[in-house]
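If you read the protein sequences in the order shown, they are chains E and W.
The first sequence lines up with residues 16 to 223 when you count with the numbering used here.
The second sequence lines up with residues 7 to 362 when you count with the numbering used here.
All C-beta atoms, glycine included, are put in the ideal place defined by N, C-alpha and C.
This structure is a prediction, so every number in the text was calculated from the model and none was measured.
Shown next, in structure tokens, is the structure this report addresses.
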Amino acid sequence: MSRRVVLVDDHGLFLAGVRAELGEAVEVVGEAGTVARAIPLIKELDPEVVLLDVHLPDGSGEAIIDAVASERPGVRFLALSVSDAAEDVIAVIRAGARGYVTKTISGEELAAAIERVASGDAVFSPRLAGFVLDAYRSEQAGSELDELTPREREVLQLIARGYLYKEIAARLDISVKTVESHVSSVLRKLQLSTRHELTRWATQHRLV
Amino acid sequence: MALPAFAASSSDRALAGVCGGIAEALGVDVTLVRLVFALLALAGGAGIVLYLALWLYADDHTWPAAIGLVISGSLLLHALGLSDRAVAGIALVAAGLALAWRRGAGLRPDAPLSFGGYALVGVGAVILLAAGGDAPAPLLAPGAVAGGLLLIAGPWLWRLALERDAERAARIRSDERADVAARIHDSVLQTLALIQRHADEPKRVASLARRQERELRGWLYAERPLGDDGSSIVAALSSAAADVEDVFGVRIELASAGDAPTDGAVVLAAREAMTNAAKFAEVEEIDVYAEVSEAEIAVFVRDRGVGFDRASVPPDRRGLSESVEGRLERAGGSATIVSTPGAGTEVELRIPRRAS
Chain E
16 MSRRVVLVDD HGLFLAGVRA ELGEAVEVVG EAGTVARAIP LIKELDPEVV
66 LLDVHLPDGS GEAIIDAVAS ERPGVRFLAL SVSDAAEDVI AVIRAGARGY
116 VTKTISGEEL AAAIERVASG DAVFSPRLAG FVLDAYRSEQ AGSELDELTP
166 REREVLQLIA RGYLYKEIAA RLDISVKTVE SHVSSVLRKL QLSTRHELTR
216 WATQHRLV
Chain W
7 MALPAFAASS SDRALAGVCG GIAEALGVDV TLVRLVFALL ALAGGAGIVL
57 YLALWLYADD HTWPAAIGLV ISGSLLLHAL GLSDRAVAGI ALVAAGLALA
107 WRRGAGLRPD APLSFGGYAL VGVGAVILLA AGGDAPAPLL APGAVAGGLL
157 LIAGPWLWRL ALERDAERAA RIRSDERADV AARIHDSVLQ TLALIQRHAD
207 EPKRVASLAR RQERELRGWL YAERPLGDDG SSIVAALSSA AADVEDVFGV
257 RIELASAGDA PTDGAVVLAA REAMTNAAKF AEVEEIDVYA EVSEAEIAVF
307 VRDRGVGFDR ASVPPDRRGL SESVEGRLER AGGSATIVST PGAGTEVELR
357 IPRRAS
């Protein structure tokens with residue numbers, strides 16, 4: 016069963032490229048290029064996954080998530096961007112996106128990421144995994160951020176090193192499901208941390 | 007002429023939020039504003055009328071507000087001991103000036119004249135002078151004139167200052183623009199020219215584009231100068247990755263956690279590992295991850311390529327043993343190479359951070 020997907024990006028060329036690369040793997044039910052158009056479109060179509068550019072001409076991806084999430088809780092968001100400033104990435108994740116991938120991702124990997132997000136799991140690119148590790152690494156003791164467990168840290172490190180979930184599972188001798196649940200748990204910790212610590216970290220470390 | 011704007015505060019309010027609004031507009035503590043109103047209220051109720059007038063003003067009822075202001079001022083002067091006639095005179099002068107001001111009068115030569123306003127000022131001044139019997143009035147008349155001048159010239163001077171600020175901001179903007187243009191010219195435009203020249207070599211075009219993207223991103227988000235290798239580990243690795251991409255037409259994903267001043271050995275070894283992967287692994291993509299902690303720098307270079315069997319590597323291929331392992335060991339670190347034929351290779355480089 017192919018997933019129903021809405022693409023939100025203001026670069027027409029890129030949209031056409033993604034559509035072509037995804038081919039039959041997913042069903043692209045709608046496209047929008049602005050925050051103003053995307054919000055009613057997503058509410059109307061109620062897709063399974065929204066592929067979301069972090070930056071749009073009239074606002075940010077976060078604005079769309081904020082506007083849609085309460086009304087359409089079933090819609091899952093996957094951020095897709097070339098803008099890799101840490102603060103942008105962390106902000107969109109904290110707004111509720113279930114993953115982040117860069118636009119250089121291959122069509123096949125993107126389809127897999129959409130499937131993973133649609134089934135409720137999280138998708139971290141190597142770069143995002145690096146950001147998260149750095150954020151937790153620079154935390155001081157006594158922080159209110161939920162600490163990562165050693166296993167979660169291990170999984171994140173392998174993601175940063177470029178391992179796919181199934182390779183991580185093989186290496187750590189656990190199931191792919193377990194890898195997925197570790198990543199989802201990290202995502203939950205990121206989204207639930209009440210302090211602005213992460214955002215502040217991201218702003219301080221304007222990392223590439 | 008634009009009137010200064012302020013809105014009643016919705017968050018900081020005791021009555022209608024007027025004090026809160028003023029405090030916000032002026033950037034002072036609301037308690038101070040309330041104290042001033044309280045003191046004025048003691049002066050014949052002037053503060054109360056003023057409060058009502060400003061409330062009207064915030065609600066966009068400009069004219070009732072102006073009348074309220076004049077009444078409030080009159081009450082205040084009355085409370086200060088001026089006679090009815092002097093107060094009436096001053097009130098007329100003030101009303102006349104306000105009228106003139108509203109009509110756009112000012113010190114500029116092209117300012118329109120407001121005859122009604124000036125007539126009121128004249129009548130007021132006559133009444134004021136006729137109230138000569140009162141002791142403070144003769145002293146007040148020059149004061150009123152000076153105040154009036156200030157009222158007329160003030161906005162003009164204010165705007166002059168604003169214009170100067172705007173001019174300076176524009177100059178800074180244009181300097182910045184020139185700076186950006188110069189940087190873009192040295193990097194992005196050069197790359198675009200190269201891409202046009204190599205349009206029939208897709209791999210080369212892709213790697214040129216990747217390299218430029220990396221560089222631009224470094225400049226935009228990490229404030230690294232365009233074209234600079236940088237002095238940090240991550241910057242140096244990024245530049246090494248770009249070189250390898252250029253030469254071999256592969257794509258290198260670089261992720262990192264933490265950063266530190268650059269370390270020659272680990273960067274050179276990582277570059278060698280990337281080059282090896284690009285040359286022999288038969289892959290299009292290589293993953294590189296750098297993790298810098300307090301104690302050490304770790305760099306992982308990974309490919310999903312053909313892999314190799316260590317035993318079958320001819321001894322004259324010195325790349326891995328010399329440039330990677332040997333280099334790291336001499337620098338006090340270690341290199342681990344894990345390769346499985348058919349399942350790719352990962353080179354792990356670790357080096358303790360030098361005490362600094």
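Asked: What is the DSSP secondary structure of Ser-345 (chain W), counted as helix, strand or coil?; Found: strand
Asked: Buried or exposed for Thr-37 (chain W), going by 16 or more other Cβ atoms inside 10 Å?; Found: exposed
Asked: Of the residues E:Glu-63, E:Thr-119 and E:Gly-74, which one's Cα is nearest the Cα of Arg-87 (chain E)?; Found: E:Glu-63
Asked: For Gly-102 (chain W) versus Gly-130 (chain W), is the C-beta distance shorter than 7 Å?; Found: yes
Asked: Taking the straight line between their C-alpha atoms, what separation do you get for Val-272 (chain W) and Arg-109 (chain E)?; Found: 34 Å
Asked: On the DSSP letters alone, give me the boundaries of the beta strand (DSSP E) that Thr-351 (chain W) sits inside.; Found: 350-358
Asked: Are the stretch 175-186 of chain W and the stretch 218-226 of chain W touching, with three or more C-beta to C-beta distances below 8 Å?; Found: no
Asked: List, in chain order, every chain E residue whose beta-carbon is nearer than 7 Å to that of Arg-210 (chain W).; Found: Here the premise fails: no neighbours, minimum Cβ distance about 17 Å.
Asked: Chain E partners of Asp-293 (chain W), CB-CB under 7 Å?; Found: Pro-141, Arg-176 and Gly-177
Asked: List, in order along the chain, the chain W residues whose C-beta lies closer than 9 Å to that of Thr-164 (chain E)?; Found: None at all; the shortest Cβ gap to chain W is about 17 Å.
Asked: With a cut-off of 8 Å on the beta carbons, I'd call Glu-46 (chain E) and Leu-67 (chain E) a contact; round off their distance for me.; Found: Their Cβ separation, rounded to whole angstroms, is 12 Å, which puts Glu-46 (chain E) and Leu-67 (chain E) out of contact at 8 Å.
Asked: Please list, in chain order, the chain B residues whose beta carbon lies closer than 7 Å to that of Ala-261 (chain W).; Found: The structure shown contains no chain B; its protein chains are E and W.
Asked: Considering just the uninterrupted stretch of the beta strand (DSSP E) at Glu-302 (chain W), what are its terminal residues?; Found: 302-309
Asked: Using a Cβ-Cβ cutoff of 9 Å, what residues of the stretch 182-194 of chain W are near chain E? List them in chain order.; Found: none
Asked: Do three or more CB pairs link the stretch 347-362 of chain W to the stretch 265-279 of chain W at distances below 8 Å?; Found: yes
Asked: Give the interface partners of Ser-299 (chain W) over in chain E, defined as CB-CB distance under 8 Å, in chain order.; Found: Arg-152
Asked: Strictly by DSSP, which residues pair up with Val-194 (chain W)?; Found: None, per the DSSP bridge assignment.
Asked: Bridge partners for Ile-258 (chain W) per DSSP, in chain order?; Found: W:Ile-292
Asked: Along the beta strand (DSSP E) that carries Tyr-63 (chain W), what are the first and last residues, could you check?; Found: It is not in any beta strand (DSSP E) - Tyr-63 (chain W) instead sits in the alpha helix (DSSP H) that spans 52-64.
Asked: Under a CB-based cut-off of 7 Å, is Asp-149 (chain E) close to chain W?; Found: yes
Asked: Just the chain W side, please: which residues come within less than 8 Å of Ala-100 (chain E) by C-beta, in chain order?; Found: Leu-226 and Tyr-227
Asked: Answer yes or no: does any C-beta atom of chain E fall closer than 7 Å to that of Arg-359 (chain W)?; Found: no
Asked: Within this structure, are the beta carbons of Ala-137 (chain E) and Arg-113 (chain E) separated by less than 7 Å?; Found: yes
Asked: Anything in the stretch 236-270 of chain W with a Cβ closer than 9 Å to a Cβ of chain E? List those residues in chain order, please.; Found: Val-240, Ala-241, Ser-244, Arg-257, Glu-259, Leu-260, Ala-261, Ser-262, Ala-263, Gly-264 and Asp-265
Asked: Leaving aside the five residues before and after Ile-120 (chain E) along the sequence, list all residues of the same chain whose C-beta is less than 6 Å from its C-beta, in chain order.; Found: none
Asked: From Ile-178 (chain W) to Glu-130 (chain E), what distance separates their C-alpha atoms?; Found: 49 Å
Asked: For Arg-308 (chain W), return the contacting residues in chain E, with the cut-off set at a CB-CB distance below 9 Å.; Found: Arg-176, Gly-177 and Tyr-178
Asked: Name the residue from E:Ala-40, E:Val-97, E:Val-83 and E:Val-69 whose alpha carbon lies nearest to the alpha carbon of Glu-59 (chain E).; Found: E:Val-83
Asked: What's the gap between the Cα of Gly-95 (chain W) and the Cα of Gly-74 (chain E)?; Found: 57 Å
Asked: Hey, Leu-214 (chain W) and Leu-195 (chain W): beta-carbon distance below 7 Å or not?; Found: no
Asked: Might you give, ordered along the chain, the residues of its own chain that have their beta carbon closer than 7 Å to the beta carbon of Gly-313 (chain W), omitting 5 neighbours on each side?; Found: Ser-345, Thr-346, Pro-347, Gly-348, Ala-349, Gly-350 and Thr-351
Asked: Could you check where the alpha helix (DSSP H) with Thr-281 (chain W) kicks off and where it finishes?; Found: 270-286
Asked: Pick out whichever of W:Pro-267, W:Glu-335, W:Glu-259 and W:Ser-340 has its Cα sitting closest to the Cα of Arg-308 (chain W).; Found: W:Glu-259
Asked: Counting only Cβ-Cβ distances shorter than 9 Å, please list the residues of the stretch 105-136 of chain E near chain W, keeping chain order.; Found: Thr-117, Thr-119 and Ser-121
Asked: Ser-237 (chain W) and Thr-268 (chain W): beta carbons closer than 7 Å?; Found: yes
Asked: For the alpha helix (DSSP H) holding Arg-91 (chain E), just list the boundary residues, first then last.; Found: No alpha helix (DSSP H) holds Arg-91 (chain E); the beta strand (DSSP E) holding it covers 91-96.
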